[in-house]
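In my numbering, the protein residues as written are -3 to 190. Built from N, CA and C at the ideal position, the CB exists for glycine as well. Since the structure comes first, as structure tokens, the remarks are kept for the end.
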């Protein structure tokens, strides 16, 4: 006969509140129960936002480690599911912003740093100029809403939420325009890329 302490934590604790209480009192095995229950939710959302499997895996690990260190979930403010979604989304957006700052820093540094020597031959320069022209033409062929969303994202470094607010459009619509625009550009520029 087995005692209840021999059972895995997931079977002993049925509700999120019970698992979280066990975690708060130092039962680290409760973290495994939370992970089993919610890892796919956290990873799926992180992957959707970050579009990179390694970044999504890292963020999933960060979220669960943060819960282990200090869980400030308040049941009075909503479901644990909603808490995790908000936490994951917030941290993913922070990562995107950080990534954008790094890119802007590198772009600024490249513009300020004096070139050691001309890296492009005249033929390279012509190829680069031609590629830029092809991309601008492909962008110009997109429907206005798709072109506008892509330009705001890539030239103004705005998030999709910020774009939705500026265009007074639903976030889902903005995401759809961006996805369709990128697909069209990929199709139009396939010879340039491939």
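Let's test the definition: count the other Cβ atoms within 10 Å of the Cβ of residue i and tell me whether it reaches 16, buried, or not, exposed.
{"i": "residue 173", "result": "buried"}
{"i": "residue 20", "result": "exposed"}
{"i": "residue 87", "result": "buried"}
{"i": "residue 162", "result": "exposed"}
{"i": "residue 179", "result": "exposed"}
{"i": "residue 1", "result": "Any reading at residue 1 must be qualified, since the residue scores a pLDDT of 44, below 50, and its modelled position is unreliable; the value itself is stated next. Classification of residue 1: exposed, given that the 10 Å Cβ count is below 16."}
{"i": "residue 142", "result": "buried"}
Can you name the start and end residues of the alpha helix (DSSP H) that residue i belongs to?
{"i": "residue 157", "result": "156 to 163"}
{"i": "residue 31", "result": "25 to 46"}
{"i": "residue 10", "result": "No alpha helix (DSSP H) holds residue 10; DSSP gives it neither H nor E."}
{"i": "residue 59", "result": "49 to 65"}
{"i": "residue 172", "result": "167 to 184"}
{"i": "residue 145", "result": "140 to 150"}
Candidates the options: which alpha carbon is nearest residue i's?
{"i": "residue 185", "options": "156, 168, 126 and 39", "result": "126"}
{"i": "residue 83", "options": "171, 129 and 34", "result": "34"}
{"i": "residue 16", "options": "38, 65 and 95", "result": "65"}
{"i": "residue 93", "options": "142, 81 and 149", "result": "149"}
{"i": "residue 60", "options": "39, 74, 43 and 70", "result": "39"}
{"i": "residue 128", "options": "181, 152 and 90", "result": "181"}
Straight-line CA distance for residue i to residue j?
{"i": "residue 140", "j": "residue 24", "result": "53 Å"}
{"i": "residue 137", "j": "residue 47", "result": "26 Å"}
{"i": "residue 191", "j": "residue 22", "result": "Absent from the model: residue 191. The displayed extent of the chain is -3 to 190, so no value can be given."}
{"i": "residue 175", "j": "residue 135", "result": "14 Å"}
{"i": "residue 29", "j": "residue 68", "result": "18 Å"}
{"i": "residue 31", "j": "residue 80", "result": "11 Å"}
{"i": "residue 160", "j": "residue 12", "result": "34 Å"}
{"i": "residue 164", "j": "residue 171", "result": "13 Å"}
{"i": "residue 52", "j": "residue 62", "result": "15 Å"}
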